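Right, one structure below, let's go through it.
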Amino acid sequence: MSIQSRTVVMGTFCLLFAFTGGLSEARGNSVDSSAITAAHNQWRSKTRVPSLAWSTTLAANAQRWATQLAQSGCNMKHSTTSYGENIFWAGPLSYSNGTSKVQDITDQNVVDSWGDEIENYDYGSNSCHGVCGHYTQVVWKSTKEVGCGMAVCSDKGQIWVCQYNPPGNMAGQKPY
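Heads up: the sequence shown runs through residues 8 to 183, numbered per the numbering used here.
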């Protein structure tokens, strides 16, 4: 599958079902800006593209969108922003006694789930063999800023949104 357009590539979503633990109650609906920026920059350093800077504007926008998604049933849907955007969802941990709790998902887990899509990306042909648009957005060479937000859904699932400026995944262009 060729990377044909930002809409097609970014229209795919990353679903993660298998982490263990419980989200710290102290953490709440928050993203560690330093940790998530560092996680992005770890992946970017592998391709020798410049590091990203944290944007409070993007973070506020991403948080608003994550909160809106959580309040509307945690439906995976991209915003209409002009920024690049990756979305991550993790379901709750459910137990046989009928209880559930929020998974302990770290900022690193989220970005690594996107970065691991490198396995599906062929640089030579600039194509995906499976989902890879989250990875290419993370490492997009002209992207300078990132901001992220996270919200917990009513079922104790969680949704993470990161937005990127300028956006990546431009049709016909390689990420680096």
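Note that CB positions come from ideal geometry on N, CA and C, so glycine has one too. Predicted, not measured: the structure shown is a model, and the values here were computed from it.
Can you tell me which of the three DSSP states residue i falls into?
i, result
"Val56", "coil"
"Ile134", "It should be pointed out that residue 134 corresponds to Ser in this sequence rather than to Ile. Strand."
"Tyr171", "strand"
"Val159", "strand"
"Gln165", "strand"
"Met145", "Before going on, a small fix: residue 145 reads as Val here, not Met. Looking at Val145 - three-state DSSP - the assignment turns out to be helix."
"Gly140", "helix"
"Gln11", "Its pLDDT being 34, under 50, Gln11 is placed unreliably in this model, and the value from its coordinates should be taken loosely. It is coil, neither helix nor strand."
What do you get for residue i, buried or exposed, if any count of 16 or more other CB atoms within 10 angstroms of its CB means buried?
i, result
"Ala242", "The chain is shown from 8 up to 183; residue 242 falls before or after that span and cannot be answered."
"Arg55", "exposed"
What is the C-beta distance between residue i and residue j, in whole angstroms, given that I count them as a contact (C-beta under 8 Å)?
i, j, result
"Gly175", "Gly91", "5 Å"
"Leu59", "Lys151", "7 Å"
Quiz item: Between the stretch 130-146 and the stretch 61-71, do three or more beta carbon pairs fall short of 8 Å?
Solution: Contact fails between the stretch 130-146 and the stretch 61-71, because fewer than three Cβ pairs, one in each stretch, are under 8 Å apart.
Self-check item: At least 3 beta-carbon pairs within less than 8 Å: the stretch 99-116 vs the stretch 81-90
Solution: No, because fewer than three Cβ pairs between the stretch 99-116 and the stretch 81-90 fall closer than 8 Å, the two stretches do not touch.
Exercise. Let me know the alpha helix (DSSP H) ranges lying completely inside the stretch 60-128, each 4 residues or longer, listed in chain order.
Key: The qualifying runs are 63-78, 114-122.
Quiz item: On the three-pair Cβ rule with 8 Å, is the stretch 115-130 touching the stretch 39-55?
Solution: With a cut-off of 8 Å, the stretch 39-55 and the stretch 115-130 count as touching, because enough Cβ pairs lie within range.
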